[in-house]
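Notes to accompany the following structure.
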Amino acid sequence: MNDRDLLLIFGTETGNAEVLAEDAGHLAGISGLNPTVMDMEDISLATLSSAKRLIVICSTWGEGEQPVNAQDLYDSVQESEVGSMDGVSYAVLALGDTAFEFFCESGKEWDILLEEKGGSRVNKRIDCDLDYDDYAADWISATLEIMKQI
Ligand SMILES: Cc1cc2nc3c(=O)[nH]c(=O)nc-3n(C[C@H](O)[C@H](O)[C@H](O)COP(=O)(O)O)c2cc1C
32 MNDRDLLLIF
42 GTETGNAEVL
52 AEDAGHLAGI
62 SGLNPTVMDM
72 EDISLATLSS
82 AKRLIVICST
92 WGEGEQPVNA
102 QDLYDSVQES
112 EVGSMDGVSY
122 AVLALGDTAF
132 EFFCESGKEW
142 DILLEEKGGS
152 RVNKRIDCDL
162 DYDDYAADWI
172 SATLEIMKQI
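Heads up, the sequence shown is in the numbering used here, so the first residue is 32 and it goes up one at a time.
The following block contains the structure:
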């Protein structure tokens, strides 16, 4: 494991979170971090637990539900022991739509769950409405700066 490693994981139904994760990963690479971008569906609890730096980018579907590709990982973390995320410095970017009652619920759930399991929140979660490009880009830049200091 490289000391500059950054894991970026995305939960998505139609690709917005994936595009953001890929863009953030690219930016991380040119900022001196060593990024890995992964679909939540393809990641194990063990890999997540061993991440030193973690950015979660996740949309919300249905009525406040996790995207399908995120649900199994979310359940695994929820069932894991307290302390499973010890040593993980994380930040969450939530995608959603204020037209829905449970705005950005999945991202909120990730943010709370990672803290409950011992992770350290290093930047405040951002909840993005549909017009998120500039807002998200600013948060990603700021979060990468923080991650570089860890
Ligand atoms: C059928 C449907 C249900 C949705 N449900 C919610 C919701 O409950 N809360 C929310 O904040 N956004 C909701 N959204 C908005 C999506 O989260 C938003 O469009 C997001 O940018 C999609 O990102 P993705 O392409 O990464 O999945 C919903 C969108 C659709 C089409």
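Where is the CB? At the ideal position from N, CA and C, for every residue including glycine.
These figures come from a predicted structure and were not determined experimentally.
As a beta-bridge residue in DSSP terms, P66 pairs with L37.
Within the same chain, Cβ atoms closer than 8 Å to the Cβ of R35 are found at G63, L64 and N65, the five residues on either side in sequence being excluded. If only complete runs of 3 or more residues are kept, the stretch 128 to 172 shows the beta strand (DSSP E) at 157 to 159, in order along the chain. If you draw a straight line from the Cα of G42 to the Cα of L76, it is about 15 Å long. Bounds of the beta strand (DSSP E) holding A125 are S120 to L126.
CA-to-CA, the gap between L37 and D106 works out to about 22 Å. Contact between G138 and T91 holds, with the beta-carbon distance rounding to 7 Å and staying under 8 Å.
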